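Working notes for the structure below.
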Amino acid sequence: MAQWTDPSRTFLIQEVRGRRVLWDTTINDSNIKVAKAAAFAEIANVMNEAFPSSTKYTGESASF
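Here the sequence shown stands for residues 1 to 64, where the numbers follow full-length UniProt numbering.
Given below as structure tokens:
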């Protein structure tokens with residue numbers, strides 16, 4: 001499991017805010033689950049680059 005710090009939490013919130021598919025309930029797309037999974041995977045990759053550590057962030061524990 002990744003080590004969460006205040007900077008990493010803030011970064012995560014900013015990344016989620018930048019991906020409308022994760023929070024906008026007005027989006028009516030038949031592939032919303034696929035789009036959300038892709039967005040979380042993208043966030044995990046960005047976070048791993050921004051916060052390199054011995055543990056890695058993944059999008060696997062996201063539920064939607």
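Beta carbons are placed, not taken as given, at the ideal position from N, Cα and C, and that holds for glycine. Model, not experiment: these values are computed from the prediction.
Residue i vs residue j beta-carbon contact at 8 Å
i, j, result
"F51", "S8", "yes"
"I43", "E60", "no"
"A35", "V21", "yes"
"T55", "Q3", "yes"
- Ignoring anything shorter than 4 residues or poking outside the UniProt domain "MADF" (12-52), list the alpha helix (DSSP H) runs there in chain order. If we require 4 residues or more, the alpha helix (DSSP H) runs fully inside the UniProt domain "MADF" (12-52) come out as 32-50.
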